[in-house]
Amino acid sequence: MATEQRWDVKRGSKIFSALSFGQVTRLIAKGLLKEDDLIWHSGLSGWRKAGEVEELKPFFQELK
Amino acid sequence: MGLPKEQLEGKTLWDFYPKDQADAYWKDDLEVINSGQPKRNIIEPLTLSDRALWVQTDKILYRDASGNIAGIIGFTLDITGRKQAEEELKSAQEKLIQAEKLATVGRLAAGVAHEINNPLAAIMISVQRLTGLIKNEGAANIDSEVYVKTLELVERATNNCKRIVAGLLAFSRPIKLQSASTDIHKVVEESLEVLEDQIKVHKVRVVNDFAPHLLIIKADKYKLGEVFSNLIVNACEAMPEGGQLRIATRLQQPGTEARREAMDEADKTVEIKFSDTGEGISDEDMFKIFDPFFSTKGPGKSVGLGLSVSYGIIQQHGGAIEVSSQKGKGTTFIVRLPVDRRRTTEQQEVTDGNRAKMGC
Chain A
1 MATEQRWDVK
11 RGSKIFSALS
21 FGQVTRLIAK
31 GLLKEDDLIW
41 HSGLSGWRKA
51 GEVEELKPFF
61 QELK
Chain B
1001 MGLPKEQLEG
1011 KTLWDFYPKD
1021 QADAYWKDDL
1031 EVINSGQPKR
1041 NIIEPLTLSD
1051 RALWVQTDKI
1061 LYRDASGNIA
1071 GIIGFTLDIT
1081 GRKQAEEELK
1091 SAQEKLIQAE
1101 KLATVGRLAA
1111 GVAHEINNPL
1121 AAIMISVQRL
1131 TGLIKNEGAA
1141 NIDSEVYVKT
1151 LELVERATNN
1161 CKRIVAGLLA
1171 FSRPIKLQSA
1181 STDIHKVVEE
1191 SLEVLEDQIK
1201 VHKVRVVNDF
1211 APHLLIIKAD
1221 KYKLGEVFSN
1231 LIVNACEAMP
1241 EGGQLRIATR
1251 LQQPGTEARR
1261 EAMDEADKTV
1271 EIKFSDTGEG
1281 ISDEDMFKIF
1291 DPFFSTKGPG
1301 KSVGLGLSVS
1311 YGIIQQHGGA
1321 IEVSSQKGKG
1331 TTFIVRLPVD
1341 RRRTTEQQEV
1351 TDGNRAKMGC
């Protein structure tokens, strides 16, 4: 059975980890996760700005 | 420049710009001639018209068919609109930051007022009741037990205020660390000892899953103890019906996190993981738990400074704190602290540990 990809968010020296994609998009919609927050999921070689991660771009666009 | 072609033809830079500015443009031209490389500049030139103007200039060398330098071709693009949009965005961001700062100050003030109000009310009621008794019955006729009970209540309430103020000070002031070689396992064990009664009351079973070797780092053991105690108390309170708290330690080797953190051998960290089987927290609350005065424990039960103070302590140690949670399944906090680079070999760790055990 395929496990859902886990997403981690980094803000300063705080890391909120093991989030699902659904949780991440919900946090974006509520304005809690910002474009400048760093994000990582298995497959990425390091932390990326959330606003630059392809899968999340449409969700940030919706807020504009 | 906003001028018609007829007014530009046959003129030089010095006909339009002050000497300093024209000299700077000419210097750019010479740089392009000498290097043969194109040059881009973004400038706000002085213009003859009143409107603000920002331009992007690209200069490239122009050679004739024989390869000789024939001149410089310059492209000038009016980017005033883009610059104005950038300025507006910057100004909007600054306003947003200011608004967020004000909101934080507002939350702080509201939190302090709320938390201090309760003990202050208790002190006032106690003093009023005792004063009333003295006035009505006379000081000599009041049982000493009444004095003692009232004063004890005042003392407890005052201590509560003191604790809140101490928390605030710890939050607002940079903490001065008293760093020394610290045995992480010992700090965890001491925190557990201090909280033994609280752990028992909550019917929490603690499982220590410590690394087989000693973990010694340069740290402030008292401040780390404060962090560990906060995490243990939070875990206990998250399990009102009892449960299990697993405390695992390890020397973090480059692995999955290495891909995430781009960690190399020199960046080894000590990891202390606290996993409970409690209620868990929602993702929304999880994003706020390190905010000052945020608490999921309900009014009057917590000041909501424990985790924000803990975060400050970890940050000062150059470490990081990680949280993950699943509603109904539990919460895990991981504290990561950098290993003192002078003590990276296991041999040194063991030597230090033995010395510590011998009480040297």
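Line by line, the protein sequences are chains A and B. Going by the working numbering, the letters in the first sequence line up with residues 1 to 64, in that order. Going by the working numbering, the letters in the second sequence line up with residues 1001 to 1360, in that order. Just so you know, even glycine gets a beta-carbon here, dropped at the ideal spot from N, CA and C.
Between which residues of its own chain and residue i is the CB-CB distance below 7 Å, once the five residues before and five after are set aside?
{"i": "B:G1318", "result": "P1338"}
{"i": "B:T1344", "result": "Residue confidence for B:T1344 is low, a pLDDT of 39 falling below 50, so the modelled location carries little weight and cannot support an answer."}
{"i": "B:A1356", "result": "Here B:A1356 scores only 36 on pLDDT, less than 50, and its place in the model should not be relied on; the value that follows carries that caveat. Once the five neighbours on either side are set aside, the close Cβ partners of B:A1356 are D1183."}
Could you give the residue range of the beta strand (DSSP E) that holds residue i?
{"i": "A:I39", "result": "38–41"}
{"i": "B:Y1222", "result": "Where B:Y1222 is concerned, there is no enclosing beta strand (DSSP E), although the alpha helix (DSSP H) it sits in stretches over 1221–1237."}
{"i": "A:K14", "result": "14–19"}
{"i": "B:N1208", "result": "1204–1209"}
{"i": "B:N1041", "result": "1039–1043"}
{"i": "B:S1181", "result": "1180–1183"}
{"i": "B:Q1244", "result": "1243–1252"}
{"i": "A:F60", "result": "Looking at the DSSP string, A:F60 is not in any beta strand (DSSP E); the run it does join, the alpha helix (DSSP H), is 57–63."}
{"i": "B:L1061", "result": "1055–1063"}
{"i": "B:V1270", "result": "1269–1276"}
{"i": "B:D1285", "result": "Taken as a continuous stretch (DSSP letters only), B:D1285 belongs to no beta strand (DSSP E), being part of the alpha helix (DSSP H) at 1283–1286."}
Is the beta carbon of residue i sitting closer than 8 Å to the one on residue j?
{"i": "A:K10", "j": "A:L38", "result": "yes"}
{"i": "A:V24", "j": "A:L32", "result": "no"}
{"i": "B:A1157", "j": "B:A1211", "result": "no"}
{"i": "B:N1230", "j": "B:S1310", "result": "yes"}
{"i": "B:R1236", "j": "B:Q1198", "result": "A small correction: the amino acid at residue 1236 of chain B is Cys; Arg does not occupy that position in the sequence shown. It is a contact, given that the beta carbons lie within the stated cut-off."}
{"i": "B:S1191", "j": "B:L1153", "result": "no"}
{"i": "B:I1281", "j": "B:I1289", "result": "yes"}
{"i": "A:K30", "j": "B:E1031", "result": "no"}
{"i": "B:T1249", "j": "B:H1185", "result": "yes"}
{"i": "B:V1227", "j": "B:I1334", "result": "no"}
{"i": "B:L1008", "j": "B:W1026", "result": "no"}
{"i": "B:G1328", "j": "B:E1279", "result": "yes"}
With distance defined between alpha-carbon atoms, name the residue in the options nearest to residue i.
{"i": "B:V1165", "options": "B:M1124, B:A1121, B:L1108", "result": "B:L1108"}
{"i": "B:A1219", "options": "B:V1270, B:T1332, B:E1193", "result": "B:V1270"}
{"i": "B:V1204", "options": "B:K1059, B:K1135, B:E1031, B:D1276", "result": "B:D1276"}
{"i": "B:I1033", "options": "B:E1009, B:I1060, B:L1008, B:A1065", "result": "B:I1060"}
{"i": "B:E1115", "options": "B:P1292, B:L1177, B:D1209", "result": "B:P1292"}
Where do the N-terminal and C-terminal ends of the alpha helix (DSSP H) with residue i fall, by residue?
{"i": "B:I1022", "result": "Correcting the residue identity first, residue 1022 of chain B is Ala in this sequence and not Ile. Residues 1019–1035."}
{"i": "B:Q1007", "result": "Premise fails: B:Q1007 is in no alpha helix (DSSP H) and is neither H nor E."}
{"i": "B:S1324", "result": "Here B:S1324 belongs to no alpha helix (DSSP H); instead the beta strand (DSSP E) covers 1320–1326."}
{"i": "B:G1306", "result": "1306–1316"}
{"i": "B:K1200", "result": "1196–1201"}
{"i": "B:W1014", "result": "1013–1016"}
Once you ignore the five residues that flank residue i on each side, which residues in its own chain have a CB closer than 6 Å to its CB?
{"i": "A:G46", "result": "none"}
{"i": "A:W7", "result": "L19, V24, H41"}
{"i": "B:W1054", "result": "E1044, I1079, T1080, K1083"}
{"i": "A:Q61", "result": "none"}
{"i": "B:P1119", "result": "A1157, N1160, C1161"}
Could you name the residues of the same chain whose beta carbon sits closer than 8 Å to that of residue i, not counting the 5 residues immediately before and after it, in chain order?
{"i": "B:E1349", "result": "Residue confidence for B:E1349 is low, a pLDDT of 39 falling below 50, so the modelled location carries little weight and cannot support an answer."}
Below 7 Å, is the gap between the Cβ of residue i and the nearest heavy atom of the ligand FMN?
{"i": "B:L1337", "result": "In the structure on display, the ligand FMN does not appear, and there are no ligands present to speak of."}
Mind checking the region 45–62 of chain A against chain B and listing, in chain order, the residues whose C-beta falls within less than 8 Å of any C-beta there?
S45, G46, W47
Name, going along the chain, the residues of the region 1272–1285 of chain B whose beta-carbon falls closer than 8 Å to a beta-carbon of chain A.
D1283, E1284
Contacting positions in the region 14–33 of chain A - beta carbon closer than 8 Å to chain B:
K14, I15, F16, S17, A18, L19, Q23, R26, L27, K30, L32, L33
By the 7 Å beta-carbon criterion, what residues does the region 1320–1343 of chain B contribute toward chain A?
A1320, I1321, E1322, V1323, S1324
To be precise: take each residue of the region 1231–1252 of chain B, compare its Cβ to all Cβ atoms of chain A, and keep it if any distance is under 9 Å. Which residues remain?
none
Using a Cβ-Cβ cut-off of less than 8 Å, give me the residues of the region 1080–1103 of chain B that come near chain A, in sequence order.
none
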